[in-house]
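The sequence shown begins at 71 in our numbering and counts up by one.
What follows is a single structure, written as structure tokens, with notes after it.
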Amino acid sequence: MALEVPSGYGLGNRVEEMKPLEDARYRLRLAIGFLEEARQDLSLGRWRSCVDNAQLSVENSLKSAIALWGPIPQTHNPAEVLAEMMDQGQIDETFREVVEKLLSCGEELGPDVHVRTDYGDELSGLTPWEIFHEEDARNAVAVAERAVGIVQDLLESLGREQGCSPQG
71 MALEVPSGYG LGNRVEEMKP LEDARYRLRL AIGFLEEARQ DLSLGRWRSC VDNAQLSVEN
131 SLKSAIALWG PIPQTHNPAE VLAEMMDQGQ IDETFREVVE KLLSCGEELG PDVHVRTDYG
191 DELSGLTPWE IFHEEDARNA VAVAERAVGI VQDLLESLGR EQGCSPQG
């Protein structure tokens, strides 16, 4: 898989290039938004929707990390891209442990979960609403919270190194 992605890829008609920290912050805001919706869905007993939003939160958390070291591709499997970046030495070894924790979240709530929340299990004839239950939803929210927390810590750490707040 080639990681050569044109500037602005996945940003609609936008052609100007964002700065890595800005891209990462934007994706983190998306991840937080989807996490909040997942929490709302959990409180309302909407298990499928909760898992779907938690998966999108993890996906955007991974894309936030990717933005720090390269362009963000349009994919529902950013863990694969982030792992490849690490294997190719694009990510400094000092971040290996943090990235591996984030990759673990991506493995738990990866593209297979995205497909099942949207389409169910066609082979078994189960709809998404028949597949996901309260325990699945609670676990998904916990994974998304972990992923968002990892990226928040990463951005704060990098922001301090650059002498600025990652939120500002």
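Each residue gets a CB set at the ideal place from its N, CA and C atoms; glycine is no exception.
Bear in mind the structure is a predicted one, so any value in this text is a computation, not a measurement.
Same chain only: Cβ atoms within 7 Å of residue i, ignoring 5 sequence neighbours per side
i, result
"N123", "F104, E107, A108 and D111"
"S119", "D111"
"E178", "V213"
"D93", "A137 and I142"
"R216", "C175"
"E129", "H146 and P148"
Three-state secondary structure (DSSP) of residue i
i, result
"D191", "strand"
"L179", "coil"
"R84", "A caution first: R84 carries a pLDDT of 43, below 50, which makes its placement in the model too unreliable to give a value."
Cβ neighbours of residue i in the same chain (closer than 6 Å, five flanking residues each side left out)
i, result
"M241", "Given that the chain is displayed from residue 71 to residue 238, the structure contains no residue 241 and the question cannot be resolved."
"Q222", "none"
"P181", "H146 and N147"
Assumed close pair residue i, residue j - CB separation to whole angstroms, cut-off 8 Å
i, j, result
"A127", "A101", "Residue 127 is actually Ser in this sequence, not Ala. Indeed they touch by this definition, with Cβ atoms about 5 Å apart."
Residue from the options with nearest C-alpha to residue i
i, options, result
"H184", "S227, T145 and G229", "T145"
"V218", "L172, E92, E163 and S113", "L172"
"K133", "L98, E192 and T197", "L98"
"G176", "S131, V121 and E205", "S131"
"S113", "L91, D162, E204 and Y189", "E204"
"R116", "A207, S227, L152 and D188", "A207"
"T187", "R216, P198 and E129", "P198"
Residues near residue i by beta carbon distance below 8 Å, same chain, minus five either side
i, result
"W139", "P90, M155, Q160 and I161"
"Y189", "P198"
Cβ of residue i within 8 Å of any chain C Cβ
i, result
"S134", "Absent from the structure is chain C; it holds one protein chain and no more."
### Query
What are the complete alpha helix (DSSP H) segments, minimum 4 residues, inside the stretch 116 to 149?
For the stretch 116 to 149, whole alpha helix (DSSP H) runs of length 4 or above, ordered along the chain, are 117 to 139.
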